[in-house]
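Under this note's numbering, residues 1 to 270 are what the sequence shown spells out, in order.
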Amino acid sequence: MKATELLKSTRSEEIALLDQLDLKRLPRHVAIIMDGNGRWAERRHLPRIAGHRAGVKVARETIETCARLKVPALTLYAFSLENWRRPRAEIDFLMRLLREYLKRELPSIHKNNIQLLVIGRSAQLPEAVRHDIEKAMRLTAQNTGMKLIVALNYGGRAELVDAFNAILDNVRLNGLSAFHADEETISNNLYTAGLPDPDLLIRTSGEMRVSNFLLWQIAYAELYITEALWPDFSREKLLEAFVNFQQRERRYGGLGVSDGRRNGRHGGAR
Ligand code: IPE
Ligand code: IPE
Ligand code: MG
């Protein structure tokens, strides 16, 4: 199967990128820090919320593209624990937008066999939001296609704190005085338990930081930071990120394959 068969496009720029894509070496998990909505709006002399609205369209298109290309998992950073520092009106708008999005898009998410997961401290979300995300997760729980993970009220350090406490609870409950944790214990107690770690982390709008996102999981992710603001992150730009990812050599601390000094285990963008 070729990428151009999965993603029908009439735009020559997209077709050229699709032709370069090796479907067998797509990232297994793409994580995206969707940043720059506010700046996009400010540049147009619009209120920040107009940027968030425009951002939703791009999120929709990104989900569709990844699902069609059969990327196994896509995580979108929608609201961080730190985002509570924003004005109340903006926070309320973001929560409303999320509910609106779910209401409108859930049927098509379900129809496309996508499983929706929400990660973060959802207990602290408004009751109505919690209700809607639980409904969406229940509806799509048995779907076997792409996993769409929405990080909502998410913080990477908070996730680690929650994992450590879950491990401690388990130790106390079962009286495991000789218990030793290893990396697998920690991974298995994160919100992302069972998911592969992200191979590719994309951040839009040029900021060179990870903003408390998936701190444990991105240990060996390839970073792709683009100046494009999130509402401008078109399908073409996403495909550019994938092509760029496939040109990277992932060494995992070993020696590369391109210089002839083989290290055996890993090589190429995988
Ligand atoms: C990202 O865009 C969306 C959220 C964080 C919810 P921003 O709102 O952070 O936009 P900028 O960074 O101010 O441009
Ligand atoms: C990161 O963007 C969080 C989300 C995209 C949800 P921010 O705009 O909140 O990050 P900082 O404040 O620039 O680090
Ligand atoms: Mg921002």
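Beta carbons are placed, not taken as given, at the ideal position from N, Cα and C, and that holds for glycine.
query, result
"Please identify the residue among Y220, L97, S122, D19 whose C-alpha is closest to the C-alpha of G254.", "Y220"
"Curious, which full-length beta strand (DSSP E) runs of at least 3 residues does the stretch 120-197 contain?", "147-154"
"Is T204 helix, strand or coil when you go by DSSP?", "coil"
"What does the Cβ neighbour count give for K235, buried or exposed, with the cut at 16 atoms within 10 Å?", "Per the sequence presented here, residue 235 reads as Arg, with Lys not at that position. Result: buried."
"Looking at the secondary structure, which residues open and close the beta strand (DSSP E) in which I225 lies?", "222-225"
"Could you round the C-beta distance between T140 and Q115 to whole angstroms and report it? I think they count as a contact, below 8 Å.", "5 Å"
"By a C-beta neighbour count over all protein chains shown, 10 Å radius and 16 as the cutoff for buried, is M1 buried or exposed?", "exposed"
"For ligand 1, is there any heavy atom lying closer than 6 Å to the beta carbon of D35?", "yes"
"On the three-pair Cβ rule with 8 Å, is the stretch 79-99 touching the stretch 49-67?", "yes"
"Taking 6 Å as the line, does the beta carbon of F79 fall inside it for any heavy atom of ligand 2?", "yes"
"Between which two residues does the beta strand (DSSP E) carrying L74 extend?", "73-80"
"Ignore the nearest five residues each way along the sequence and tell me which others in S211's own chain have a CB closer than 7 Å to its CB.", "I33, S80"
"Buried or exposed: which applies to N165, given that a residue is buried once 16 or more other Cβ atoms fall within 10 Å of its Cβ?", "exposed"
"Would you say the beta carbon of G120 comes nearer than 6 Å to a heavy atom of ligand 1?", "no"
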